[in-house]
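Since the structure comes first, as structure tokens, the remarks are kept for the end.
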Amino acid sequence: MKHKVNHKLLQIRDLKKYYPVTAGIFSRHVGDIKAVDGVTFDISEGEIIGLVGESGCGKSTLGKTIPRLEEPTSGKILYRGTDVTGLDKKGLRELRREIQLIFQDPDASLDPRMTVGDSICEPLIIHNIGDEKKRMHRVADLMEQVGLESGQANLYPHEFSGGQKQRIGIARALAMNPRLIIADEPVSALDVSIQAQILNLMMDIQEKFGLAYLFIAHDLSVIRHMAHRVVIMYLGKIVELSNKKELFERPLHPYTEALLSAVPSFKHKDKDRILLRGDVPSPLNPPSGCHFHPRCHRVLPICSQVEPELAELSKGHFVSCHLYKSS
Amino acid sequence: MNNVILKVSQLKTYFFTRRGVVKAVDGVEFELRRGECLCLVGESGCGKTVTALSILRLFDSPPGKIVDGQISYDSLNLTKCSSKQMRKIRGKDIAIVFQEAQSALNPVLTIGDQITEQIKLHLSLDYNRTRDRAMTLLSEMGIPSAERVMSYYPHQLSGGMKQRVLIAMSLSCDPQILIADEPTTAVDVTIKAQILDIFRELKAKRQMSTIFITHDLAVVAEIGDRAVVMYGGKDVETAPVSEIISTPRHPYTIGLIDCLPDTSKSTGRLTSIPGTTPNPLEMPQGCTFHPRCPRVMKICSQQEPPETAISKEHKVSCYLYT
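Chains A and B are the protein sequences, given in the same order.
Going from the first sequence to the working numbering is simple: count from 1 and add 7.
Going from the second sequence to the working numbering is simple: count from 1 and add 119.
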């Protein structure tokens with residue numbers, strides 16, 4: 008039993024992150040933006056979880072809350088059994104060696120006034136690893152692993168293309184030998200021909216080091232390529248969670264159905280498209296009941312009144328929808 | 120040929136910067152037919168946006184300049200028109216929808232002000248009819264309660280709504296040609312599907328001639344009739360969309376299609392095009408794609424490939440087919 012617990016790298020339990028909204032000169036608390044509202048799932052060692060949702064669904068906030076770059080409002084984040092939410096400064100520092108982030112915009116995540124070698128080296132200095140000579144070797148080694156030349160370490164970010172900058176971001180994340188990498192839309196800012204290169208690199212690294220990824224993206228084709236399991240989020244909540252094969256072949260939640268059918272594809276041009284009405288509602292004032300009901304094409308009378316619970320329909324396939332009342 | 124509404128031939132738009140000459144568009148050729156949706160496809164820096172801006176002459180000059188070529192529209196050569204003439208054409212005959220709806224709208228003017236501005240300028244209608252026209256357009260774009268939206272400021276609308284407002288605005292003077300510059304890039308998938316639907320409807324209902332600029336081949340497959348694939352400031356392949364997708368000829372087009380992860384399958388590694396898009400200041404000699412090309416030959420680095428016709432509708436610039 009104990010072995011099984013250790014197998015889970017990260018367990019997220021009912022995680023909530025609310026941003027208070029204030030008004031007036033006394034900053035009266037008038038409401039909350041429920042960016043992440045009761046999210047529960049696990050990441051195993053070496054597993055790639057794809058996290059999908061439209062902008063504003065809370066996927067990036069979730070990614071930032073795990074290494075506590077954002078303080079969670081409530082809930083538990085267990086990393087190898089220890090609760091991250093209770094860690095002190097020293098504990099956090101240890102944790103952040105093991106959990107690294109890759110950001111969407113490689114331009115914004117690199118300091119333009121530091122050479123890329125210094126940028127990759129910075130985490131090593133912060134965590135006081137090795138002496139200067141060893142660090143230099145490590146930087147050269149990392150750069151080669153991500154397909155750059157070690158001689159390029161003295162160049163500045165503007166001398167690289169977007170794809171190369173993302174490689175530098177990956178090298179920096181790898182510097183600490185992490186166990187989990189949270190990649191927040193790592194390829195969405197890149198050109199298609201470069202996207203494929205970066206995705207391949209991320210797959211190679213994952214295999215080589217047995218890393219776990221939390222891969223955040225809005226592009227379902229990228230997720231299908233990368234992930235083992237997929238989490239679909241809508242307005243701060245998980246609406247469906249399943250292994251990849253089942254999710255793409257047999258989506259249950261109407262939102263997942265719509266997302267899948269909205270992806271333009273040249274393989275099935277004449278498929279029936281489920282066109283969602285309207286936009287994602289404001290998270291400040293989400294619809295009652297199931298948050299998705301105003302846009303749902305299979306809405307029931309109960310949907311606007313009662314919020315559905317996330318339930319396991321078949322093994323490992325969770326869905327939060329009234330259509331599938333467990334009988 | 121009355122069927123062709125706009126013809127771009129040997130267009131060259133260069134930018135003369137301090138660091139050198141950027142040949143953003145270097146000999147692009149295509150024609151837009153009446154009622155069709157022509158897609159310009161390519162990655163960033165391939166010159167697709169500058170091509171669109173050249174048609175309307177909307178780039179900054181200096182540093183930009185159309186150094187050669189013709190853009191023929193309605194017996195006019197747009198490259199030679201005076202700025203006064205161009206001002207009459209912009210918005211009225213040829214309209215454009217920009218990529219980032221957020222920055223294309225003025226944050227301190229209401230939506231109503233911004234839509235009616237163009238109508239007032241070109242159509243000289245009275246106040247009520249101008250407003251009516253704007254509201255009809257907004258509701259045609261699927262914006263609920265158009266009257267209320269007229270008094271909104273851009274920040275009060277979501278990304279998808281802003282994009283619809285922009286499309287409504289571009290249609291306000293019944294243009295002959297609509298240029299859409301990546302209108303689906305900055306929006307979510309579900310909104311993207313809605314926007315593509317609007318364009319599909321425009322074509323069906325108004326027989327709009329559209330130049331649709333995108334980097335997304337899947338989008339091209341969804342709405343395009345014909346496509347021009349661009350690389351390094353040149354058109355490398357022109358063909359009907361179905362042919363581009365079923366039998367692409369240029370190694371770049373083949374690479375672009377192969378490197379797309381497809382939702383309908385999940386396999387191991389993706390095929391990728393090696394290297395990166397070239398630095399516009401130092402375009403490679405000969406065929407601009409040759410340093411990345413998997414089927415490169417000796418001649419490719421020496422001479423620019425001529426355009427070869429595979430069939431009447433399918434043209435490709437590559438030495439493999441000469």
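Glycine is no exception: its CB is placed at the ideal position from the N, C-alpha and C atoms.
Quantities reported herein were computed from a predicted structural model and do not represent experimental measurements.
When Cβ-Cβ separations below 8 Å define contact, Q204(A) makes contact with chain B. Exposed is the label assigned to R120(A), since fewer than 16 other Cβ atoms lie within 10 Å of its Cβ.
By the neighbour-count criterion, in which 16 or more other beta carbons inside 10 Å mark a residue as buried, K172(A) falls on the buried side.
Contact between V284(B) and L297(B) is ruled out by a C-beta separation of about 15 Å, above the 8 Å threshold. With its beta carbon at least 8 Å from every one in chain A, M402(B) lies outside the interface. Interface with chain B (8 Å Cβ-Cβ cutoff): S249(A) is excluded. Around the CB of V238(A), 16 or more other CB atoms lie within 10 Å, so the residue is classed as buried.
Three or more Cβ pairs closer than 8 Å define a contact, and the segment 213-228 of chain B falls short of that threshold against the segment 239-249 of chain B.
Along the segment 155-192 of chain A, the beta strand (DSSP E) occurs as fully enclosed runs of 3 or more residues at 187-191, listed in sequence order. For E362(B), there is no enclosing beta strand (DSSP E); the residue is part of the alpha helix (DSSP H) that begins and ends at V360 to S365.
Within the segment 189-203 of chain A, those residues whose Cβ lies closer than 8 Å to any Cβ of chain B are, in chain order, D198, V199, S200, I201, Q202 and A203. Interface criterion not met: the Cβ of I215(B) is under 8 Å from no Cβ in chain A.
Taking 8 Å as the threshold, the shortest C-beta distance from M280(B) to chain A falls below it. Taking 8 Å as the cut-off, the beta carbon of T229(B) is found closer than this to the beta carbon of S270(B). In the DSSP annotation of this structure, the continuous segment of the beta strand (DSSP E) that includes M240(A) starts and ends at R236 to Y241. Annotation for G278(B): V306 place their beta carbon closer than 6 Å to its own, counting only its chain and skipping 5 residues before and after.
For G38(A), the enclosing beta strand (DSSP E) covers residues R35 to S51. In the structure shown, the three-state DSSP call for Q204(B) is helix.
Around the CB of F135(B), fewer than 16 other CB atoms lie within 10 Å, so the residue is classed as exposed. For Y26(A), the pairing in a beta bridge is given by DSSP as I40(A). Residue environment analysis places T357(B) among the buried positions, since at least 16 neighbouring C-beta atoms fall within 10 angstroms of its C-beta. Contacts with chain A (Cβ-Cβ distance below 9 Å) from the segment 248-259 of chain B involve no residue at all. Rounded to the nearest whole angstrom, the CA to CA distance from V59(A) to G31(A) is 36 Å. With 16 or more other Cβ atoms inside 10 Å of its own Cβ, V347(B) counts as buried. Contact annotation: C64(A) and G243(A) have beta-carbon atoms nearer than 8 Å. Among the residues of chain B, those whose CB is under 8 Å from the CB of G170(A) are T395, following chain order. V194(A) places its beta carbon less than 8 Å from that of V229(A). Residue-level contact by beta carbon holds for I310(B) and chain A, with a gap shorter than 8 Å. Every alpha helix (DSSP H) stretch that sits fully inside the segment 70-110 of chain A and reaches 4 residues is listed by chain position as 96-105. The beta carbon of D286(A) sits closer than 8 Å to some beta carbon of chain B.
Bounds of the alpha helix (DSSP H) holding I373(B) are P370 to D377.
Here E426(B) is bridged, per DSSP, to S436(B). At a cut-off of 8 Å between C-beta atoms, E301(B) does not count as an interface residue with respect to chain A. Residues of chain A with a Cβ closer than 9 Å to the Cβ of D335(B) are, in chain order, V199 and P271.
For G124(A), the closest of V199(A), T47(A) and E166(A) by C-alpha to C-alpha distance is E166(A).
Annotation: the segment 249-331 of chain B contains the following complete segments of the alpha helix (DSSP H) (minimum length 4 residues), in chain order: 265-269, 278-290 and 308-325.
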